[in-house]
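In the working numbering, the protein residues as written are 588 to 900.
Note that the Cβ used here is the ideal one computed from N, Cα and C, for glycine as well.
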Ligand code: 8YV
């Protein structure tokens, strides 16, 4: 029997690419000399697409895929997909929720501790040979007991809040609407939350609705003792305003896993010593990436067999 054809937009792990190719007849779009010409020629043959929260897909690509019925996406973010168009066309989409909650929340805690207790900076200090009998490392800030403001209390935000309990941190959150049944205090005004919080942690989705939600005004409200932690999307933060706030010590520091134009990190940010910079590794553990890959494959298999996705968006 012929294997179903699958259009893959961008490369995932070697293991995933191989596994997908074993089960399906895969066309790797990124390997085509002229991807749009390829789609003009063969686009109508594809019913199934695999992509990721990094690659997404474009409206131009979708126009050349008239028979597409499903997109199985690696990752939990959906900002690089034209959702309106998908809805109009009745194209189903799955993401990989839940399996990455723990790793992203662990990383948020790591960034809080690193930015406040200066772990990366201390490491640089020791490696540079600067530590000697007269020069000690400057005092840092405490994490335990500090106030944690979560912007976007969804699955990942909830996992961050649970971890914060172990650090005796009071938690409040800002969502557009209160989360029904949540034990944490909802703060309808983001500026109020920023004023209250010592750590403002972003775990909301990216996209139009949250674009530059964190601007100069919110950073000023967070204040000179506050830290901004972003494990969500770079688009949520006005990066120029953040750089200015870090330079002028309007806030104490920041821990960032995501940026406005990845993989570009502005030189002005890289020069600052009050920011911890990670290369978008929230979900990047062997175990979690394996579970995410399995969930993509399981969603595709389920859709082909039953017409239903396991984790539809
Ligand atoms: C991944 C992510 O880095 O899930 C997401 O939305 O941002 C991360 O888990 C990304 O999906 C890799 O493609």
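Within the same chain, 659 and 661 come within 6 Å of residue 883 by CB-CB distance, once the 5 residues on both sides are set aside. Every alpha helix (DSSP H) stretch that sits fully inside the region 662 to 738 and reaches 4 residues is listed by chain position as 670 to 676, 688 to 704 and 706 to 714. For residue 625, the uninterrupted alpha helix (DSSP H) run begins and ends at 622 to 629, by DSSP. By the CB criterion at 8 Å, residue 790 and residue 743 fall inside the cutoff. Residues of the same chain with a CB within less than 6 Å of the CB of residue 787, apart from the 5 flanking positions on each side, are 736, 781, 809 and 815 in chain order.
For residue 830, the enclosing alpha helix (DSSP H) begins and ends at 826 to 834.
Taking C-beta separations shorter than 7 Å and ignoring five residues to either side along the sequence, the partners of residue 708 in its chain run 860, following chain order.
Here the C-alpha atom of residue 754 lies approximately 16 Å from the C-alpha atom of residue 702. Within the region 784 to 813, the beta strand (DSSP E) runs of at least 3 residues that lie entirely inside it are, in chain order, 786 to 789. Rounded to whole angstroms, the separation of the alpha carbons of residue 820 and residue 656 is 27 Å. In its chain, beyond the 5 residues on either side, 712 and 724 have a beta carbon closer than 8 Å to the beta carbon of residue 718.
The closest heavy atom of the ligand 8YV lies less than 7 Å from the beta carbon of residue 641. Note that the C-beta distance between residue 785 and residue 801 is not below 8 Å. With a cut-off of 8 Å on Cβ pairs, the region 832 to 846 is in contact with the region 687 to 701, counting three or more such pairs.
Rounded to the nearest whole angstrom, the C-alpha separation of residue 666 and residue 628 is 28 Å. The closest heavy atom of the ligand 8YV lies less than 7 Å from the beta carbon of residue 867. Cβ neighbours of residue 805 within its own chain (closer than 7 Å, five residues either side excluded): 777, 778 and 781. Between the ligand 8YV and the CB of residue 687, the shortest heavy atom gap is smaller than 7 Å. The ligand 8YV never approaches residue 814 closely enough for any of its heavy atoms to be under 7 Å from the residue's Cβ. Look at residue 661: its beta carbon is less than 7 Å from one of the heavy atoms in the ligand 8YV. Under DSSP, residue 612 shares a beta bridge with 592.
Remark: the C-beta of residue 870 is in contact range of the ligand 8YV, defined as less than 7 Å to any heavy atom. Ranked by how close their Cα comes to the Cα of residue 671, the residues 688, 684 and 645 have 645 in first place.
The nearest non-hydrogen atom of the ligand 8YV is less than 7 Å from the C-beta of residue 664. For residue 769 and residue 745, the gap between their C-alpha atoms comes out near 9 Å.
In the DSSP assignment, residue 879 falls within the alpha helix (DSSP H) that extends over 873 to 893.
Where residue 841 is concerned, the enclosing beta strand (DSSP E) starts and stops at 840 to 843.
The region 591 to 602 and the region 617 to 636 touch, with no fewer than 3 CB-CB distances between them shorter than 8 Å. Straight across, the Cα-Cα distance linking residue 799 with residue 602 is about 36 Å.
Annotation for residue 750: the continuous alpha helix (DSSP H) segment containing it runs 742 to 752. For residue 896, the secondary structure class from DSSP, reduced to helix, strand or coil, is coil.
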